[in-house]
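To start, the structure under review is shown below, and the notes come after it.
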Amino acid sequence: ALLKTLEEPPEQTWFFLASPEPARLLATLRSRCRLHHLAPPSESYAMSWLPREVTASQEALLTALRLNAGSPGAALALLQSERWAQREALCQALMDSLHTGDWYALLTALNHEQAPARLHWLATLLVDALKRQHGASYLTNVDADAVVAALAGPLSPARIQAILNDICHCRDQLLHVTGLNRELVLTDLILRIEHYLQPGTLLPVPHL
155 ALLKTLEEPP
165 EQTWFFLASP
175 EPARLLATLR
185 SRCRLHHLAP
195 PSESYAMSWL
205 PREVTASQEA
215 LLTALRLNAG
225 SPGAALALLQ
235 SERWAQREAL
245 CQALMDSLHT
255 GDWYALLTAL
265 NHEQAPARLH
275 WLATLLVDAL
285 KRQHGASYLT
295 NVDADAVVAA
305 LAGPLSPARI
315 QAILNDICHC
325 RDQLLHVTGL
335 NRELVLTDLI
345 LRIEHYLQPG
355 TLLPVPHL
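Per the numbering used here, numbering of the sequence shown is gapless, rising by one per residue and ending at 362.
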């Protein structure tokens, strides 16, 4: 019914459909639409707007903005919700795991209805660690420099890449496969991370 309505809309009628991932829409739907990309405002503009809406450090504001692909509205929502405290708890749990070697303790910080978002936060920290190892200065988690440094120091780029690939695969499963036992999937991820960190472990070869 929607496709028919889009194909033959009533007179003087326009439909506006918003999607963060238009490529995932059905081809039959996309073929009936005209695509317009709405880019976020510049980072400097967003950073001048955010401090008027919420009280936070410049590092926190910039991190929230970059975690949300430059969207100031999404950054504001993150900073004003309990999710920001949950992200900080994840950063602390990750730091603790790096110091103690007990990666299973990270499960508590990840096992949540919003696990895909938390895996995204974890992935950005690992990407920042890779950037740091290669001398890049543009980081996402500018408020978590100590965590990024703790990852970049002892972990080789190959180990970080292996962990990152598994995190992204796990996140994709949680987002798109129904009926999964979230705790088991996350536990398997943590066990694989621990395996990759063992000396002499043969790491998977990245796919080209």
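Quick reminder that beta carbons are idealized off the backbone N, C-alpha and C, glycines included.
Which of the three DSSP states, helix, strand or coil, is assigned to Y292?
Within the sequence shown, the letter at position 138 stands for residue 292. Of the three classes helix, strand and coil, the one that applies to Y292 here is coil, per DSSP.
Taking three-plus beta-carbon pairs below 8 Å as touching, is the segment 251 to 263 in contact with the segment 221 to 235?
No contact exists between the segment 251 to 263 and the segment 221 to 235.
Whole-angstrom C-beta distance between R186 and E161, which should lie under 8 Å:
Taking the first residue of the sequence shown as 1, we reach residue 161 at position 7. Taking the first residue of the sequence shown as 1, we reach residue 186 at position 32. Right, their Cβ atoms sit about 6 Å apart.
Pair within 8 Å by beta-carbon distance, R184 and P270
As a first step, residue 184 must be located in the sequence shown, where it is residue number 30. As a first step, residue 270 must be located in the sequence shown, where it is residue number 116. Going by C-beta atoms, R184 is not nearer than 8 Å to P270.
Using only CA atoms, which one of W168, E236, H191 and E165 lies nearest to A363?
The shown model of the chain, from 155 to 362, leaves out residue 363, and the question about it has no answer.
Quick one, which of L215, A210, P194 and A312 has its alpha-carbon nearest H288's?
On the sequence shown, position 134 is the one that residue 288 refers to. Across the set L215, A210, P194 and A312, the C-alpha of A312 shows the shortest separation from the C-alpha of H288.
From the DSSP output, in three-state form, read off D256 for me.
Taking the sequence shown and counting its residues from 1, the one referred to as residue 256 is at position 102. Note: D256 maps to coil in three-state DSSP.
On the DSSP letters alone, give me the boundaries of the alpha helix (DSSP H) that V281 sits inside.
Counting from 1 along the sequence shown, the entry for residue 281 is found at position 127. A269 to Q287 is the extent of the alpha helix (DSSP H) around V281.
N- and C-terminal bounds of the alpha helix (DSSP H) containing T332
Reading the sequence shown from its first residue, position 178 is the one you call residue 332. It is not in any alpha helix (DSSP H) - T332 carries neither H nor E in the DSSP assignment.
Specify the secondary structure class of P174 as computed by DSSP and reduced to three states.
For the purposes of this step, residue 174 is taken as the residue at position 20 of the sequence shown. Coil, per DSSP.
Among Q352, M249, L328 and A218, which one has its Cα closest to the Cα of S235?
Mapped onto the sequence shown, residue 235 falls at position 81. Ranking the options by Cα distance to S235, first place goes to A218.
CB of S299 within 8 Å of CB of S211, strictly:
Against the sequence shown, residue 299 aligns to sequence position 145. Against the sequence shown, residue 211 aligns to sequence position 57. The sequence shown places Asp at residue 299, not Ser. The answer is no: Cβ separation not under 8 Å.
Can you give the Cα-Cα distance for T341 and N335, rounded to whole angstroms?
Here residue 341 refers to the residue found at position 187 of the sequence shown. Here residue 335 refers to the residue found at position 181 of the sequence shown. Taking the straight line joining both Cα atoms gives about 10 Å.
With three or more C-beta pairs closer than 8 Å as the rule, is the segment 235 to 246 touching the segment 305 to 320?
Contact fails: fewer than three Cβ-Cβ distances are below 8 Å.
Quick one, are the C-beta atoms of R272 and A263 less than 8 Å apart?
Residue numbering aside, residue 272 sits at position 118 when the sequence shown is read from its first letter. Residue numbering aside, residue 263 sits at position 109 when the sequence shown is read from its first letter. Yes, the Cβ-Cβ distance between R272 and A263 is below 8 Å.
How long is the line joining the alpha carbons of Q268 and M249, rounded to whole angstroms?
The sequence position of residue 268 within the sequence shown is 114, counting from 1. The sequence position of residue 249 within the sequence shown is 95, counting from 1. In this model, Q268 and M249 are separated by some 21 Å (Cα to Cα).
Just mark V301 as buried or exposed, buried being the case when its beta carbon has 16 or more other beta carbons within 10 Å.
The residue you call residue 301 lines up with position 147 of the sequence shown. So V301 counts as buried.
Would you mind sorting R188 into buried or exposed? The rule is 16 or more other CB atoms within 10 Å of its CB.
The residue you call residue 188 lines up with position 34 of the sequence shown. Answer is exposed; the Cβ neighbour count stays below 16.
Between which residues of its own chain and P358 is the CB-CB distance below 6 Å, once the five residues before and five after are set aside?
Within the sequence shown, the letter at position 204 stands for residue 358. Within the same chain, P358 has close Cβ partners A316.
Could you please give the first and the last residue of the uninterrupted alpha helix (DSSP H) stretch that includes D299?
The residue given as residue 299 occupies position 145 in the sequence shown. First-last of the alpha helix (DSSP H) with D299: D299 to A306.
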